[in-house]
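Encoded as structure tokens, the structure appears first; notes follow it.
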Amino acid sequence: MSESTLDKPATATTLLETGGLSVRYGGVSANSDIDISVAAGEIVGLIGPNGAGKTTFVDAVTGFTKATGTVSLRGERLDKASPHRRRRAGMARTWQAGELFTDLTVAQNLAVAVQPVGLRAMLADVVNGSRPPADVISSALELVGLADAADQLPGELTLGQQKLVGVARALVGGTQLVLLDEPAAGLDTHESRDFGIELRRIAATGIGILLIDHDMSLVLDVCDRLYVLDFGRVIASGPPAAIQDDPAVISAYLGSPEVDPDAVVDPPVPPAGPSGGGIDTERPSDIGPTGHAPKETP
Numbered sequence: 001m002s003e004s005t006l007d008k009p010a011t012a013t014t015l016l017e018t019g020g021l022s023v024r025y026g027g028v029s030a031n032s033d034i035d036i037s038v039a040a041g042e043i044v045g046l047i048g049p050n051g052a053g054k055t056t057f058v059d060a061v062t063g064f065t066k067a068t069g070t071v072s073l074r075g076e077r078l079d080k081a082s083p084h085r086r087r088r089a090g091m092a093r094t095w096q097a098g099e100l101f102t103d104l105t106v107a108q109n110l111a112v113a114v115q116p117v118g119l120r121a122m123l124a125d126v127v128n129g130s131r132p133p134a135d136v137i138s139s140a141l142e143l144v145g146l147a148d149a150a151d152q153l154p155g156e157l158t159l160g161q162q163k164l165v166g167v168a169r170a171l172v173g174g175t176q177l178v179l180l181d182e183p184a185a186g187l188d189t190h191e192s193r194d195f196g197i198e199l200r201r202i203a204a205t206g207i208g209i210l211l212i213d214h215d216m217s218l219v220l221d222v223c224d225r226l227y228v229l230d231f232g233r234v235i236a237s238g239p240p241a242a243i244q245d246d247p248a249v250i251s252a253y254l255g256s257p258e259v260d261p262d263a264v265v266d267p268p269v270p271p272a273g274p275s276g277g278g279i280d281t282e283r284p285s286d287i288g289p290t291g292h293a294p295k296e297t298p
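In full-length UniProt numbering, the protein residues as written are 1 to 298.
In structure tokens:
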């Protein structure tokens with residue numbers, strides 16, 4: 001069990017709550033009746049094999065794909081709201097391909113994320129040259145341990161630090177809940193461990209985190225609870241220790257029991273293509289008409 005689980009208040013305020021959230025692409029069900037909750041200061045993991053519907057779920061929660069069911073933030077219904085409205089309510093996300101602007105400083109990368117949306121806001125920005133308050137940006141960088149990196153370019157940072165800039169960009173501007181989609185992809189063991197430390201620091205401030213990642217060491221170390229998706233449905237939920245022993249999870253990810261090595265006469269021939277054993281470490285490719293979840297223009 002993670003340290004954050006032991007320190008978790010029993011009466012933490014519920015931030016995110018979904019009810020019967022479902023997504024269909026034609027005749028394909030990408031998400032089916034998903035009920036998930038994330039409390040203030042809690043790190044909740046959403047795991048599952050490729051195509052399980054994890055990124056589709058994040059798209060549905062944040063308004064980037066059509067869905068049925070309910071999405072609430074602190075009790076306020078947002079399932080009919082635009083992505084921009086959900087963002088203003090305090091919900092933010094990262095993307096699997098979360099590239100930074102390489103010719104902008106770290107602080108400028110964050111400033112871009114909080115620029116006003118809409119024609120009127122754009123005109124006001126041109127006329128007045130409005131900029132987000134410096135303390136808003138510095139607070140977000142402080143949250144991820146990069147307070148001294150504001151004037152650096154992304155290329156001057158380590159990969160782990162660049163990933164944290166992406167998280168800070170989602171946190172800037174009063175975020176209460178952040179949904180992280182594969183934020184640790186490409187990190188080595190040491191970088192992943194440091195990344196997890198920063199996630200725990202963020203959660204300690206009361207921000208809720210929904211974490212999707214195939215780095216199971218990270219997920220099991222930092223998450224208070226896990227939800228497991230398979231074929232668009234939740235097949236298990238609970239603390240990490242219970243999930244690891246859940247028969248449905250073992251069946252979905254580990255397949256048949258290991259073969260007794262003493263009973264093997266000849267070495268087994270490895271299957272062609274990617275390994276099918278264990279939890280897949282490939283990036284998710286959520287179901288859609290063409291094999292990927294379509295993105296809607298907000």
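Ideal Cβ placement from N, Cα and C applies to all residues, glycine included.
Counting along the chain, the unbroken alpha helix (DSSP H) around Ala134 starts and ends at Ala134 to Leu143. Counting along the chain, Thr62 sits inside no beta strand (DSSP E); it lies in the alpha helix (DSSP H) bounded by residues Lys54 to Thr62.
The Cβ atoms of Asp148 and Thr105 do not sit closer than 8 Å to each other. Note: Asp230 is bridge-paired with Arg233 in the DSSP secondary-structure output. When DSSP states are grouped into helix, strand and coil, Ala204 belongs to the helix group. A direct Cα-Cα distance of roughly 12 Å separates Ser192 from Gln162.
Proximity to Leu179 across Val44, Val234 and Ala30 peaks at Val44, based on C-alpha coordinates.
Listed in chain order, the beta strand (DSSP E) elements of length 3 or more contained wholly in the stretch 83 to 119 are 91 to 93.
When beta bridges are read from the DSSP output, Val167 appears opposite no residue. Looking at the DSSP output, Leu211 bridges to Gly45 and Leu180.
By the C-beta criterion, the stretch 224 to 243 is judged to be in contact with the stretch 21 to 38, since at least 3 inter-stretch pairs fall below 8 Å. It is roughly 10 Å from the alpha-carbon of Val234 to the alpha-carbon of Ala248. DSSP places Ala149 in the helix class (H, G or I) of the three-state scheme. Secondary structure of Thr13 (DSSP, three-state): coil.
Leu146 places its beta carbon less than 8 Å from that of Ala168. Taking every protein chain shown into account, the CB of His214 has 16 or more other CB atoms within 10 angstroms, so this residue is buried. Between the C-alpha atoms of Leu177 and Ala203 there is a straight-line separation of about 10 Å. For Thr70, the secondary structure class from DSSP, reduced to helix, strand or coil, is strand. Counting the other Cβ atoms within 10 Å of the Cβ of Thr56 gives 16 or more, which makes it buried. Setting aside the 5 residues that flank it on each side, Thr62 is surrounded in the same chain by Pro83, Arg86, Met91, Arg93 and Leu179, each with a C-beta closer than 7 Å to its C-beta; the list follows chain order.
If you look at Ala39, you'll find it in the beta strand (DSSP E) that goes Ser37 to Ala39.
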